[in-house]
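In my numbering, the protein residues as written are 27 to 229. Positions of the beta carbon are idealized from the N, C-alpha and C atoms, including for glycine. All figures in this text were calculated on a predicted structure; none of them were measured in a lab.
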Amino acid sequence: SYINRAIVAALKDPVGRRDFALGADGARIATKLTFPHDSADHSPTRSPENILDEDLRSGSCWSLSAQHGQVGIKLSEFIYPTHVTIDHVPHEIAADIKQVPRQIIIWGLLQGAGNQKRHVDALEVLQASPLNATGEGPPVTRGGHFLPLAAFEYAAPSPRHIQTFPIDPAITSSSIYFGVFVIEIRSNWGASSTRVYCVRIHG
27 SYINRAIVAA
37 LKDPVGRRDF
47 ALGADGARIA
57 TKLTFPHDSA
67 DHSPTRSPEN
77 ILDEDLRSGS
87 CWSLSAQHGQ
97 VGIKLSEFIY
107 PTHVTIDHVP
117 HEIAADIKQV
127 PRQIIIWGLL
137 QGAGNQKRHV
147 DALEVLQASP
157 LNATGEGPPV
167 TRGGHFLPLA
177 AFEYAAPSPR
187 HIQTFPIDPA
197 ITSSSIYFGV
207 FVIEIRSNWG
217 ASSTRVYCVR
227 IHG
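In structure tokens form, the structure reads like this:
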């Protein structure tokens, strides 16, 4: 049937890049950088930890009781990020396509003396980037210094339910590496709540 074909297509991974934000490889949710803390559904199948699992078959996701929010992800190692992938279930089988995230900002926590020096050396290029207009950091920073890494719109509905976006060239050319990321959801496609199924961080 059409639905079965959509499910089979969903199980194929078109990305072909290592996912450093995989829970099975040691990535964890940074709860102090995650907001809102409550969810639209308090069951385990709706907790933030679900975005660290690439298996969409279970229907597990992070359910936000708002149109905007943020989730922190701590990797098991520092990386030079190159791309970010956002997974959602195919729109043909989604309960409400309006719950799909729309405007997304990716932030990286600046850590270590070496990275501080690289940041200073690359400051002119970073300030000339369009990302400089995204602000000083995500809504919740816990006193950390965050740099904007990417800003994009997840397209919905779309024939591609798994969408990959590049990290800004100003960041990749700076050689700054990161171990903590924040995915800020600035809007969705019109629902009062938002669902995030999977976030992958590549490098």
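Mind checking which residues open and close the beta strand (DSSP E) that includes Ile-226? Counted from its first residue, the sequence shown places residue 226 at position 200. The residue asked about is misnamed: residue 226 is Arg in this sequence, not Ile. First-last of the beta strand (DSSP E) with Arg-226: 224 to 228.
Please work out which residues of its chain come closer than 7 angstroms, Cβ to Cβ, to Tyr-180, disregarding the five sequence neighbours upstream and downstream, and give them in chain order. Counted from its first residue, the sequence shown places residue 180 at position 154. Taken in chain order, the residues that qualify are Ile-112, Val-126, Pro-127, Arg-128, Ile-130, Gln-189.
Kindly list the residues whose CB is nearer than 7 angstroms to the CB of Ala-139, restricted to its own chain and excluding five residues on each side of it in sequence; keep chain order. Locating residue 139 in the sequence shown gives position 113, where the first residue counts as 1. Taken in chain order, the list of residues that qualify is empty.
Give the secondary structure of Leu-136 by DSSP, where H, G and I count as helix, E and B as strand, and everything else as coil. Here residue 136 is taken as the residue at index 110 of the sequence shown, counted from 1. Coil.
In the DSSP assignment, find the alpha helix (DSSP H) that holds Leu-59 and state where it starts and stops. Counting from 1 along the sequence shown, the entry for residue 59 is found at position 33. First-last for Leu-59: 54 to 61, but that is the beta strand (DSSP E), not the alpha helix (DSSP H).
If I follow the unbroken beta strand (DSSP E) through Pro-195, where does it start and stop? Translated into the one-based positions of the sequence shown, residue 195 becomes position 169. Unbroken run through Pro-195 is the alpha helix (DSSP H), 195 to 198; no beta strand (DSSP E).
Is the stretch 105 to 125 in contact with the stretch 75 to 88, if contact means three or more CB pairs nearer than 8 angstroms? As far as the Cβ criterion goes, the stretch 105 to 125 touches the stretch 75 to 88, which means the pair count is three or higher.
Does DSSP put Asp-51 in a helix, in a strand, or in coil? Taking the first residue of the sequence shown as position 1, residue 51 is located at position 25. DSSP places Asp-51 in helix when its eight states are reduced to three.
Can you name, in chain order, every residue of its own chain whose Cβ lies under 7 angstroms from the Cβ of His-61, other than the five neighbours on each side? Within the sequence shown, numbered from 1, the residue matching residue 61 stands at position 35. The amino acid at residue 61 is misidentified as His; the sequence shows Phe. Gly-95, Gln-96, Pro-165, Val-166, listed in sequence order.
Assuming Asn-214 and Gln-93 are in contact, meaning their beta carbons sit under 8 angstroms apart, how far apart are those beta carbons, in whole angstroms? Numbered from 1 along the sequence shown, position 188 holds the residue referred to as residue 214. Numbered from 1 along the sequence shown, position 67 holds the residue referred to as residue 93. Between Gln-93 and Asn-214 the Cβ distance is about 5 angstroms, and since that is below 8 angstroms, they are a contact.
Do Ala-47 and Ile-227 have their C-beta atoms within less than 7 angstroms of each other? The count along the sequence shown starts at 1 and reaches residue 47 at position 21. The count along the sequence shown starts at 1 and reaches residue 227 at position 201. Yes.
Taking only the alpha-carbon atoms, compute the straight-line gap between Cys-87 and Glu-75 and give it to the nearest angstrom. Counted from its first residue, the sequence shown places residue 87 at position 61. Counted from its first residue, the sequence shown places residue 75 at position 49. Each residue's Cα considered, the two are about 8 angstroms apart.
Could you give the distance in angstroms between the alpha-carbon of His-187 and the alpha-carbon of His-171? Here residue 187 refers to the residue found at position 161 when the sequence shown is read from its first residue. Here residue 171 refers to the residue found at position 145 when the sequence shown is read from its first residue. Using only the alpha carbons, I get a separation of about 32 angstroms.
Given Lys-100, which residues of its chain have a CB within under 6 angstroms of its CB, disregarding the five upstream and five downstream residues? Taking the first residue of the sequence shown as position 1, residue 100 is located at position 74. Here the set comprises Arg-54, Ala-56, Val-206.
Which of helix, strand or coil does DSSP assign to Pro-156? As a first step, residue 156 must be located in the sequence shown, where it is residue number 130. Residue state, collapsed to three classes: helix.
Reference Gly-134, options Asp-45, Phe-204, Val-41, Ser-184, closest by Cα: The residue you call residue 134 lines up with position 108 of the sequence shown. Among Asp-45, Phe-204, Val-41, Ser-184, the Cα nearest to that of Gly-134 is on Phe-204.
For Arg-221, write down the residues that DSSP places opposite it in a beta bridge. Along the sequence shown, one-based indexing puts residue 221 at 195. Beta-bridge pairing links Arg-221 to Ser-89.
Which whole-angstrom value describes the C-beta separation of Asn-158 and Leu-152, a residue pair presumed to lie in contact below a C-beta threshold of 8 angstroms? To locate residue 158, count along the sequence shown from 1; it is residue 132. To locate residue 152, count along the sequence shown from 1; it is residue 126. Going by Cβ atoms, the distance from Asn-158 to Leu-152 rounds to 7 angstroms, so yes, they are a contact pair.
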